[in-house]
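Asker: Protein sequences appear in the order of chains A and B. Following this note's numbering, the numbering of the first sequence begins with 100 at its first residue and continues without gaps. Following this note's numbering, the numbering of the second sequence begins with 100 at its first residue and continues without gaps. Glycine included, each C-beta is placed from N, C-alpha and C at the ideal position.
Number of protein chains: 2
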Amino acid sequence: MSKEYFFDDLTVGQVVRSARSIRLDRERILDFAREYDPQPQHLGEEAAAGSHFGVFCASGWQTAATTMRLVVETMPIPGGGMGAGVEKIAWLRPVLPDDELRVEIEVLAKRVSKSRPDKGVVTTRTTTFNQDGNPVQTFDTVVLMPRRPGG
Amino acid sequence: MSKEYFFDDLTVGQVVRSARSIRLDRERILDFAREYDPQPQHLGEEAAAGSHFGVFCASGWQTAATTMRLVVETMPIPGGGMGAGVEKIAWLRPVLPDDELRVEIEVLAKRVSKSRPDKGVVTTRTTTFNQDGNPVQTFDTVVLMPRRPGG
Numbered sequence: 100m101s102k103e104y105f106f107d108d109l110t111v112g113q114v115v116r117s118a119r120s121i122r123l124d125r126e127r128i129l130d131f132a133r134e135y136d137p138q139p140q141h142l143g144e145e146a147a148a149g150s151h152f153g154v155f156c157a158s159g160w161q162t163a164a165t166t167m168r169l170v171v172e173t174m175p176i177p178g179g180g181m182g183a184g185v186e187k188i189a190w191l192r193p194v195l196p197d198d199e200l201r202v203e204i205e206v207l208a209k210r211v212s213k214s215r216p217d218k219g220v221v222t223t224r225t226t227t228f229n230q231d232g233n234p235v236q237t238f239d240t241v242v243l244m245p246r247r248p249g250g
Numbered sequence: 100m101s102k103e104y105f106f107d108d109l110t111v112g113q114v115v116r117s118a119r120s121i122r123l124d125r126e127r128i129l130d131f132a133r134e135y136d137p138q139p140q141h142l143g144e145e146a147a148a149g150s151h152f153g154v155f156c157a158s159g160w161q162t163a164a165t166t167m168r169l170v171v172e173t174m175p176i177p178g179g180g181m182g183a184g185v186e187k188i189a190w191l192r193p194v195l196p197d198d199e200l201r202v203e204i205e206v207l208a209k210r211v212s213k214s215r216p217d218k219g220v221v222t223t224r225t226t227t228f229n230q231d232g233n234p235v236q237t238f239d240t241v242v243l244m245p246r247r248p249g250g
């Protein structure tokens, strides 16, 4: 686990990178798709061949969830962050079996909460890359974070 | 499985409702959190009690993924939809253990694709409700759909 981040530790423009990558192998892609996104392009090579997409790839929601796992490890928030929502998700390239995903988190904006002055609101853009260094997804999230005690 | 929907079958303003709900019990919430979102508020009552959120609840990403499962069942797209991205996700209320989720999908906009005239681009707003009829999440997605052959 990395060091924990309080609101006060972040600077607009700062970029934090994941220390590791996560590989989405065939079985993990199928497990997720069967439970959450059973569309043909996510259910194996044969089903995908008959799909409009034409290529067996991970659900975009699995890419997003895997990205969240890397974000939680890379920028742990003391006591947990409170996600208010997501401004945007863009799926840029398919995530293929055995792709290895890593993330870069950029701080886009921050402000102290008006209603809860012990907390701050931080907007970040997280870009998820595959093992070739190509971006597969970006998402912008807004999270309520604690301020550093006595900070 | 419901009837399949082509681009041409949808009208702006139309609302389609899921035929069933999905229950997120304690084990499903924990399984997802351990793999994708291991923050204290998602890891059981005890861990959550020490979190800023204070309440054991499902990851918002699990709510989104469960919503996708209901969308795939409720509005199946022939050959699979191609998700271009998500405009916005808002998490409105925590999803608690044993909550039962259902969805309503509203067609916000549609247009024929300029680059691929055999397909159309459809924007929908999906609202996810709990068993008390309270909205827990909305997301707006943009999907590329096939046009009805000969339509």
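Is A:Ser214 buried or exposed, if buried means 16 or more other CB atoms sit within 10 Å of its CB?
Answerer: Exposed, because fewer than 16 other Cβ atoms sit within 10 Å of the Cβ of A:Ser214.
Asker: If you measure between the beta carbons of A:Ala132 and A:Pro139, is that distance less than 7 Å?
Answerer: No, they are not a contact pair.
Asker: Whose Cβ in chain B lies nearer than 7 Å to the Cβ of A:Gln140?
Answerer: Residues of chain B passing the Cβ test: Gly179.
Asker: Shortest alpha-carbon distance to B:Ala118 belongs to which of B:Leu169, B:Phe106 and B:Asn229?
Answerer: Minimum Cα distance to B:Ala118 is reached at B:Leu169.
Asker: Using DSSP with H/G/I as helix, E/B as strand and the rest coil, what is B:Arg246?
Answerer: Note: B:Arg246 maps to coil in three-state DSSP.
Asker: Quick check on A:Pro137 - is its C-beta less than 7 Å from some C-beta in chain B?
Answerer: Yes, contact with chain B.
Asker: Looking at the unbroken beta strand (DSSP E) that takes in A:Val114, where does it start and where does it end?
Answerer: Here the beta strand (DSSP E) through A:Val114 covers Val114 to Arg116.
Asker: Identify each residue in the region 179–193 of chain B for which the Cβ-Cβ distance to at least one residue of chain A is less than 8 Å, and report them in chain order.
Answerer: Hits within the stretch, in order: Gly179, Gly180, Met181, Gly182, Ala183, Gly184, Val185, Glu186, Lys187, Ile188, Ala189 and Trp190.
Asker: Could you check the C-alpha separation between A:Glu144 and B:Gly179 for me, to the nearest Å?
Answerer: Approximately 14 Å, taken between the alpha carbons.
Asker: So, is the C-beta of A:Phe152 closer than 7 Å to a C-beta in chain B?
Answerer: True, the Cβ-Cβ gap to chain B drops below 7 Å.
Asker: So if I threshold CB-CB distances at 7 Å, which residues from the region 156–173 of chain A count as touching chain B?
Answerer: Per Cβ criterion, the list reads Gly159, Trp160, Ala163, Ala164, Thr165, Met167, Arg168 and Val171.
Asker: Straight-line CA distance for B:Asp50 to A:Gly182?
Answerer: Since the first residue of chain B shown is 100 and the last is 250, residue 50 of chain B is not available in this structure.
Asker: What whole-angstrom Cβ distance do B:Gly184 and A:Ile176 have, given they're in contact under 8 Å?
Answerer: No, B:Gly184 and A:Ile176 are not in contact; Cβ-Cβ is about 26 Å, not under 8 Å.
Asker: Under 8 Å by Cβ, that's how I've got A:Gln236 and A:Thr227 pegged, so tell me the actual separation to the nearest angstrom.
Answerer: Indeed they touch by this definition, with Cβ atoms about 4 Å apart.
Asker: CA-CA distance, B:Ser120 and A:Pro248?
Answerer: Each residue's alpha carbon lies about 43 Å from the other.
Asker: For the region 238–249 of chain A, which residues have a CB atom closer than 7 Å to at least one CB atom of chain B, in sequence order?
Answerer: So the list reads Pro245, given in the order they occur along the chain.
Asker: Give every residue of the same chain whose Cβ lies closer than 7 Å to the Cβ of B:Arg246, excluding the five residues on either side of it in the sequence, and list them in chain order.
Answerer: Hits under 7 Å: Phe105, Phe106, Asp107, Asp217, Lys218 and Gly219.
Asker: Given this structure, state the Cα-to-Cα distance separating B:Pro253 from A:Trp160, to the nearest angstrom.
Answerer: The displayed coordinates of chain B run from 100 to 250. Any statement about residue 253 of chain B would go beyond what the structure contains.
Asker: Could you pull out every unbroken beta strand (DSSP E) segment of at least 3 residues lying fully inside the region 149–194 of chain A, listed in chain order?
Answerer: Correct list: 181–190.
Asker: Look at B:Thr165 and B:Val202 and say whether their C-beta atoms are less than 7 Å apart.
Answerer: Going by C-beta atoms, B:Thr165 is not nearer than 7 Å to B:Val202.
Asker: Considering Cα atoms alone, identify which of B:Leu195, B:Val211, B:Met244 and B:Met174 is closest to B:Gln113.
Answerer: If we check each option's Cα against that of B:Gln113, B:Met174 comes out closest.
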